[in-house]
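K.L.:
Let me begin by handing over the structure; questions about it come next.
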Amino acid sequence: MLDRRLPERAAGDTQALTARSLYASWRRGEIVLKWGAVLLGASIPVSVALDNVLLYVLLFFWLIGGAYRDKLASIRDNPVSWLALALWALFVVGSAYSIGTRDDVLAAVGKAMRLLAIPVLIYLLRDPVWRERGIAAFLASMLVTLLLSCLLWLDLVPGNGWIKGSPLDPVVFKAHITHNVFMAYAADTRSVKSNCDLFAPGPPLAVN
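Under this note's numbering, read the sequence shown as residues 41 to 248, first letter to last.
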């Protein structure tokens, strides 16, 4: 009887160890994705190409990363996710009635897929600590942008391929309108914090 139970107990211990190892690997992978979301906060004011790479990497690994019950719950509990998914669905439906070419339609739907990053970020940034890190990354990037813009305005740095502006129009990484919108948004840190609270579980927080 004892000899029969020992292999069974050993098999059970092996299964438990494997489960713990898989969970630990999953946790490490999710932390990497969270840092990717934080990096996205820094890249948004700087590089569209890097934004796209990070967005598609986050979306891909989020889709194959398991924990689907938790992910669906995070979408269900946050109305911002519903709005993002509904708007993306409207893009897809509207593309069926487009007079554009096939390539134009696919390009437009591809751009609209950025909306799918909203539920992904809501799930990854559900912890306030990670939301604060994302805010800090965005503000740090905007601070660098502001410094370079002032130096460009003073004609202390030359405009080149990666600095788009000139002393008469001292924008840095983005065109004039986008640069100004990002700078105004970063200047009001209360708005940044309030909008990032939309990523918290449950209904969006009211802003007085």
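We put the CB at the ideal spot given by N, CA and C, even for glycine.
Taking the C-alpha atoms as reference points, what is the distance between A140 and T218?
P.N.:
The residue asked about is misnamed: residue 140 is Gly in this sequence, not Ala. Whole-angstrom Cα-Cα distance: 27 Å.
K.L.:
For the alpha helix (DSSP H) holding W170, just list the boundary residues, first then last.
P.N.:
Element bounds for W170: 168-193.
K.L.:
Could you give the C-beta distance for V212 and L183, rounded to a whole number, given that I count them as a contact under 8 Å?
P.N.:
In fact, because the Cβ distance is near 12 Å, the residues do not count as touching under 8 Å.
K.L.:
Should Y163 and S114 be called a contact, given that it needs their Cβ atoms to be closer than 7 Å?
P.N.:
A contact, by the Cβ cut-off of 7 Å.
K.L.:
Judging by CA-CA distance, which residue of L99, L79, G105, P85 is the nearest neighbour of R68?
P.N.:
Ranking L99, L79, G105, P85 by Cα distance to R68 puts G105 first.
K.L.:
DSSP on S206, reduced to helix/strand/coil?
P.N.:
Note: S206 maps to strand in three-state DSSP.
K.L.:
Buried or exposed: I158, going by 16 or more other Cβ atoms within 10 Å of its Cβ?
P.N.:
Classification of I158: buried, given that the 10 Å Cβ count is 16 or more.
K.L.:
Please return the same chain residues whose Cβ sits closer than 7 Å to the Cβ of D228, not counting the five positions on each side in sequence.
P.N.:
No residues qualify anywhere along the chain.
K.L.:
How would you call I71, buried or exposed, if buried means at least 16 neighbouring beta carbons within 10 angstroms?
P.N.:
I71 should be labelled exposed.
K.L.:
Give the secondary structure of N92 by DSSP, where H, G and I count as helix, E and B as strand, and everything else as coil.
P.N.:
Of the three classes helix, strand and coil, the one that applies to N92 here is helix, per DSSP.
K.L.:
Using the Cα positions of L179 and A226, report the straight-line distance between them to the nearest angstrom.
P.N.:
Whole-angstrom Cα-Cα distance: 6 Å.
K.L.:
Start and end of the alpha helix (DSSP H) containing A124?
P.N.:
First-last of the alpha helix (DSSP H) with A124: 119-135.
K.L.:
Could you tell me whether the segment 144-158 touches the segment 91-107, using the rule of 3 or more Cβ pairs below 8 Å?
P.N.:
Yes, since at least three Cβ pairs between the segment 144-158 and the segment 91-107 fall closer than 8 Å, the two stretches touch.
K.L.:
Just to confirm my understanding: we take D110, look at its own chain, exclude 5 residues before and 5 after, and list those with CB closer than 7 Å. What are they?
P.N.:
The answer is none, since no qualifying residue turns up.
K.L.:
Take D195 and list the residues in its own chain whose beta-carbon comes closer than 6 Å to its own, dropping the five residues that flank it on each side.
P.N.:
These residues qualify, in order along the chain: P207.
K.L.:
Throw me the rounded Cβ distance for the F131 and V160 pair, which I believe falls under 8 Å.
P.N.:
About 17 Å separates the two Cβ atoms, so there is no contact after all.
K.L.:
If F101 sits next to L73, beta carbons under 8 Å apart, how far is it from one beta carbon to the other, in whole angstroms?
P.N.:
6 Å between Cβ atoms; contact.
K.L.:
Where P85 and A147 are concerned, what is the direct C-alpha to C-alpha distance, given to the nearest angstrom?
P.N.:
If you take the alpha carbons of P85 and A147, they lie about 22 Å apart.
K.L.:
Residues in its own chain within less than 6 Å of L80 by CB, not counting five upstream and five downstream?
P.N.:
Result list for L80: L94, in chain order.
K.L.:
With a Cβ-Cβ cutoff of 7 Å, do A77 and L165 count as a contact?
P.N.:
Cβ atoms of A77 and L165: closer than 7 Å.
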